[in-house]
Amino acid sequence: MIHVLFVCLGNICRSPMAEAMFRKRVEDEGLSEHFVIDSAGIGGWHQGSPPHEGTRKLLDEKGISYEGMTARQIRDEDITTYDYIIAMDAENVGALRSIAGYGKHHFIGRLLDFVEDDDRDDVPDPYYTGNFEEVHDLIETGIDRFLTYVKKEKHL
Numbered sequence: 001m002i003h004v005l006f007v008c009l010g011n012i013c014r015s016p017m018a019e020a021m022f023r024k025r026v027e028d029e030g031l032s033e034h035f036v037i038d039s040a041g042i043g044g045w046h047q048g049s050p051p052h053e054g055t056r057k058l059l060d061e062k063g064i065s066y067e068g069m070t071a072r073q074i075r076d077e078d079i080t081t082y083d084y085i086i087a088m089d090a091e092n093v094g095a096l097r098s099i100a101g102y103g104k105h106h107f108i109g110r111l112l113d114f115v116e117d118d119d120r121d122d123v124p125d126p127y128y129t130g131n132f133e134e135v136h137d138l139i140e141t142g143i144d145r146f147l148t149y150v151k152k153e154k155h156l
């Protein structure tokens with residue numbers, strides 16, 4: 001199994017959007033049996049809450065399920081459990097690397113690290129910008145490239 005964890009600041013906007021979109025993409029490609037997919041936040045401010053209204057609205061418009069998703073904070077064991085910990089921005093990566101320390105862990109990086117033909121490094125937080133459509137488009141490109149990378153690396 002390939003364990004993938006998407007991470008943003010509070011786990012209500014970007015990372016649940018990425019989780020839902022990646023899950024759908026994996027299902028559409030008939031690869032669900034190869035993946036465990038989840039999301040988490042650096043902070044626990046929204047723990048137990050559903051995705052943000054803007055995220056829910058956008059996912060509804062795109063026909064992507066977020067049923068049963070609730071925010072949670074990253075846990076120490078996530079660092080060693082997940083093969084790929086995909087953050088939305090550099091601050092998230094820094095926090096994750098602080099949590100991970102020098103122990104054993106797998107890939108920790110930004111989603112847009114997989115998008116080489118785009119100058120942007122970070123997925124902006126729509127909690128502050130309100131631009132959920134831009135975030136969707138960036139995440140869509142990022143997960144497409146990430147899945148291509150994983151399929152090649154894992155020979156799927």
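In full-length UniProt numbering, the protein residues as written are 1 to 156.
Beta carbons: idealized from backbone N, C-alpha and C, even for Gly.
Which residues DSSP lists as bridging residue i, in chain order
i, result
"residue 149", "According to DSSP, which records beta bridges pairwise, residue 149 is partnered with nothing at all."
"residue 109", "86"
Cβ pair residue i, residue j closer than 9 Å
i, j, result
"residue 71", "residue 126", "no"
"residue 123", "residue 94", "no"
"residue 21", "residue 133", "no"
"residue 74", "residue 107", "no"
"residue 119", "residue 113", "no"
Reduced DSSP secondary structure (H/G/I, E/B, other) of residue i
i, result
"residue 32", "helix"
"residue 118", "coil"
"residue 7", "strand"
"residue 38", "strand"
"residue 12", "coil"
Nearest to residue i (by Cα), restricted to the options the options
i, options, result
"residue 146", "115, 128, 131", "115"
"residue 88", "61, 42, 100, 50", "42"
"residue 8", "90, 100, 59, 34", "90"
"residue 60", "129, 136, 148", "136"
"residue 14", "97, 131, 117, 98", "131"
Below-9 Å beta-carbon distance, residue i vs any chain D residue
i, result
"residue 89", "No chain D is part of this structure, which consists of one protein chain only."
Open item on the list: Between the stretch 42 to 56 and the stretch 75 to 86, can you find at least three pairs of beta-carbon atoms closer than 8 Å?
Closed with: no
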